[in-house]
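Colleague: Can you read through this structure? Questions will come right after.
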Amino acid sequence: MTTPARTLFLVPWHIGNRLDITVHAARVARKLRVFLAEEPDLTREQFTRDLGVDCAGKEFLLIPEKEDPAFLKKVLAKLAAEDVALICSGGIPCFIDPGAWLVKRLRERESPITALAGASILSTMLSLSAVDWTGTHNRGSFVIYLEASPQGGGNEVFLDAVRRDREPVFVFLNVHKLRECLSVMKPLLGRRRISVFFDLTKKTRGKYPYADRVMTMGCAAWLKEADKIPWKEISDIALMLHPREDAA
25 MTTPARTLFL VPWHIGNRLD ITVHAARVAR KLRVFLAEEP DLTREQFTRD LGVDCAGKEF
85 LLIPEKEDPA FLKKVLAKLA AEDVALICSG GIPCFIDPGA WLVKRLRERE SPITALAGAS
145 ILSTMLSLSA VDWTGTHNRG SFVIYLEASP QGGGNEVFLD AVRRDREPVF VFLNVHKLRE
205 CLSVMKPLLG RRRISVFFDL TKKTRGKYPY ADRVMTMGCA AWLKEADKIP WKEISDIALM
265 LHPREDAA
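Numbering follows this note's numbering, with no gaps: position 240 of the sequence shown is 264.
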């Protein structure tokens with residue numbers, strides 16, 4: 025089995041505020057030449073603007089969301105000669121952001137992969153959740169909402185998580201999927217409350233008016249409130265389904 029000589033680094037980037045980046049991640053940004061990114065142009069801009077990195081000799085490649093043999097071949101060729109970094113903006117490389125398929129294929133080839141530690145949207149949500157994780161009710165579920173079926177049945181794995189009404193359930197989804205997600209969950213939630221986390225750690229001025237805001241209400245209230253929120257000015261959201269009140 026052919027094994028590339030060099031390492032793929034999985035680099036957690038900041039999740040909003042440009043200061044929320046580790047020293048290790050900044051060193052990789054300065055040192056390496058080839059970077060795989062969901063938004064190559066934006067990543068290049070952040071290197072220059074936020075870190076003062078000279079990108080003249082650096083190469084930024086777009087990571088395909090779905091498996092792409094041609095892209096894998098290109099990455100293997102790069103790894104045969106030099107270390108490569110995969111950059112993500114959510115704090116956890118290959119979680120929600122693209123790249124998991126690439127890691128899978130490289131691991132099958134026993135290619136060296138190193139994941140750097142860093143801040144993540146998940147840790148930020150857990151801090152803001154107001155759930156006592158040291159208490160007896162310290163379990164939680166984490167799911168990604170993709171889409172519902174035309175009949176409203178939704179993904180059964182997702183719905184199974186929603187039914188766990190004695191524990192907090194964290195849901196990651198695209199902004200435009202919120203109303204659909206709420207509609208699918210409504211028959212199962214009863215009086216359980218839902219917290220929506222908006223644009224965590226992003227700058228609060230200008231571009232992100234809802235940055236760092238957490239709003240909590242019932243599902244029916246959210247379906248009404250959704251029409252009042254300026255979604256064009258919001259980049260990221262995530263949900264927490266609170267445990268049933270008598271289960272706390």
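Ideal Cβ placement from N, Cα and C applies to all residues, glycine included.
1) Around the Cβ of residue 216, are there at least 16 other Cβ atoms within 10 angstroms (buried) or fewer (exposed)?
2) According to DSSP, is residue 32 part of a helix, a strand, or is it coil?
3) Just checking my contact of residue 116 with residue 144 at CB under 8 Å: how many whole Å lie between their CB atoms?
4) Pick from 242, 231, 238, 154: whose alpha carbon is nearest that of residue 257?
5) I think residue 34 touches residue 140, with their Cβ atoms under 8 Å apart; what is that distance to the nearest whole Å?
6) Where does residue 259 sit, in a helix, a strand or coil, going by DSSP?
7) Using a Cβ-Cβ cut-off of 8 Å (strictly less than) and excluding sequence neighbours within five positions of residue 97, which residues of its own chain qualify?
8) For my contact list, residue 74 and residue 42 are in at a C-beta cut-off of 8 Å; report their separation, rounded to the angstrom.
9) Count the other C-beta atoms from every protein chain shown that fall within 10 angstroms of the C-beta of residue 110, then say buried if there are 16 or more, exposed otherwise.
10) Contact defined as beta carbons within less than 8 Å: I believe residue 236 pairs with residue 259. What is the distance between those atoms, to the nearest angstrom?
11) Excluding five sequence neighbours on each side, which residues of the same chain lie with their C-beta closer than 6 Å to the C-beta of residue 85?
12) Under the three-state reduction of DSSP, which class applies to residue 217: helix, strand or coil?
13) Applying the criterion that 16 or more other CB atoms from any shown protein chain within 10 Å of the CB defines a buried residue, is residue 62 buried or exposed?
14) Go through its chain and collect everything with a Cβ distance to residue 52's Cβ below 6 Å, but skip five positions before and after it.
15) In chain order, what residues of the same chain have a beta carbon less than 7 Å from the beta carbon of residue 91, not counting five sequence neighbours either side?
16) Do residue 187 and residue 267 have their beta-carbon atoms positioned less than 8 Å apart in this structure?
17) Going by C-alpha to C-alpha distance, which of 151, 103, 248 sits closest to residue 221?
18) Just tell me which of 255, 79, 87 has its CA closest to the CA of residue 118.
19) On the premise that residue 192 lies in contact with residue 153, defined as a C-beta separation below 8 Å, what is that separation, rounded to the nearest angstrom?
20) Going by DSSP, what residues sit across from residue 83 in a beta bridge?
21) Could you spell out where the alpha helix (DSSP H) holding residue 112 opens and where it closes?
22) Which residues in the same chain as residue 174 place their Cβ atom closer than 8 Å to its Cβ, once the five residues preceding and following it in sequence are excluded?
Modeller: Taking the definition as stated:
1) buried
2) strand
3) 4 Å
4) 231
5) 6 Å
6) coil
7) none
8) 4 Å
9) buried
10) With a Cβ gap of about 12 Å, residue 236 and residue 259 do not count as contacting.
11) 60
12) strand
13) buried
14) 33, 35, 109
15) 125
16) no
17) 151
18) 87
19) 6 Å
20) 58
21) Where residue 112 is concerned, there is no enclosing alpha helix (DSSP H), although the beta strand (DSSP E) it sits in stretches over 108 to 112.
22) Low local confidence applies: a pLDDT of 41 at residue 174 is under 50, so the model's placement there is unreliable, with the coordinate-based value given in what follows. Within the same chain, residue 174 has no close Cβ partners at all.
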